[in-house]
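Residue numbers for the sequence shown follow numbering that gives the first Met the number 0, so the first one is 0 and each next one is one higher. Even for Gly, the Cβ is constructed at its ideal location relative to N, Cα and C. Predicted model, so just to flag it, every value in this text is computed and none were measured. A quick write-up on the structure given underneath.
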Amino acid sequence: MDPRLTQERYLIAFHDARPGLTSAAFAEARDGQGRSGYDHLVDEVAAVAAGGPVLDLGCGDGHLMELLLRRGLDTVGVDLSPGELTAARGRGLSTLARARAQALPFADGAFAAVTSHLASMLMPEPDRVLAEVARVLRPGGVLAQVLGGGPPDDPSDGFSRVLALVRPHLSVGTPRLGDPRWRRQAELAALADGAGLRLVRFDRLALDLSGPAADVWRWLATAYGVAELEPALWAELGARFAAEVGPGRVKATMISFIAVCVRR
0 MDPRLTQERY LIAFHDARPG LTSAAFAEAR DGQGRSGYDH LVDEVAAVAA GGPVLDLGCG
60 DGHLMELLLR RGLDTVGVDL SPGELTAARG RGLSTLARAR AQALPFADGA FAAVTSHLAS
120 MLMPEPDRVL AEVARVLRPG GVLAQVLGGG PPDDPSDGFS RVLALVRPHL SVGTPRLGDP
180 RWRRQAELAA LADGAGLRLV RFDRLALDLS GPAADVWRWL ATAYGVAELE PALWAELGAR
240 FAAEVGPGRV KATMISFIAV CVRR
């Protein structure tokens, strides 16, 4: 089977079973300035999109769409997961479409900006995704993305501890997701350039997910490949994590990147 289809089928099934998981885990995660990844994206596009319209790529349950709408930006959401789109409609959102980012159902130059929060880096064929984004953006339009990275280089961090506990139990059947070039500045710049976009910002974003052990475990152990563990094993590993870190607030950090491109 085409590995791209395997990836997409996995992501659809995962999110159909767990709509809203991403926003539940990361809506309250903040950087050192008290801003979430969602806040960074809203600020980036609000400064240049003046009312929109904005396309949210991989919109999930519509959390970012709501934030954009509150800033006066007309917004359209696209996702592959019917479950996530149903959750978005449950928020009262209606300008939604089910589509692949590699073949967007919109006219050339339809949008003033495109956003993507922890979604685009999961997509295969980044060259095709970026070409489609460039096609639907107006000249001078902005693509603003938050790209997931991983834990910090600190084995004592709660995220690192969670991964150390779960890695021996991860299924070999979980497909490799996305393309690592999304997270590499020079390679992303080259891909963007080939699509008619110019990378103008690529900054490290350390998001604080600290909290009680139970919360840190719940947020970080719902990742791809981990959430599918047998419930008894998932609970056992969570108890081991709580015993390892002890009572009180557990420091946990997710390293992400904010990448902004401008269409030529």
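Item: Ser-115, enclosing beta strand (DSSP E) - first and last residue; Value: 110-116
Item: C-alpha gap between Asp-214 and Asp-156, whole angstroms; Value: 14 Å
Item: Local conformation of Gln-32 per DSSP, three classes; Value: coil
Item: Straight-line Cα distance separating Leu-10 from Leu-190; Value: 24 Å
Item: Residues that Arg-97 bridges to, as DSSP identifies them; Value: Asp-78
Item: Beta carbon of Gly-19 nearer than 7 Å to that of Asp-60; Value: yes
Item: Rounded Cβ spacing between Ser-170 and Glu-227 (contact assumed at less than 8 Å); Value: 7 Å
Item: DSSP state of Met-122 mapped onto helix, strand, coil; Value: coil
Item: The segment 158-169 / the segment 119-139 touching (three or more Cβ pairs under 8 Å); Value: no
Item: Supposed close pair Gly-237, Ala-220 - CB separation, criterion 8 Å; Value: 7 Å
Item: Beta-carbon contacts of Ala-87 that lie in its chain and below 8 Å, excluding the five residues immediately before and after; Value: Cys-58, Gly-59, Asp-60, Gly-61, Met-64, Gly-76, Asp-78 and Leu-95
Item: Thr-252 classed as buried or exposed, judged by whether at least 16 other C-beta atoms fall within 10 angstroms; Value: buried
Item: Inside the segment 180-215 only - alpha helix (DSSP H) runs reaching at least 4 residues; Value: 184-194
Item: Close Cβ partners of Pro-211 (< 6 Å) along its chain, the five nearest in sequence each way excluded; Value: none
Item: Chain-order list of residues whose beta-carbon lies under 7 Å from that of Gly-50 (same chain, five-residue window excluded); Value: Gly-71, Leu-72 and Asp-73
Item: Where Val-225 falls: helix, strand or coil (DSSP); Value: coil
Item: Length of the line joining the Cα atoms of His-39 and Ser-22; Value: 14 Å
Item: Cβ neighbours of Ser-41 in the same chain (closer than 7 Å, five flanking residues each side left out); Value: For the record, residue 41 in the displayed sequence is Val; it is not Ser. Excluding residues within five positions, the ones whose Cβ falls inside 7 Å are Leu-66, Leu-67 and Arg-70.
Item: Cut-off 6 Å between Cβ atoms - residues of its own chain near Ser-80, not counting five sequence neighbours on either side; Value: Ile-11, His-14 and Asp-15
Item: Collapsed DSSP secondary structure at Thr-252 in the structure displayed; Value: strand
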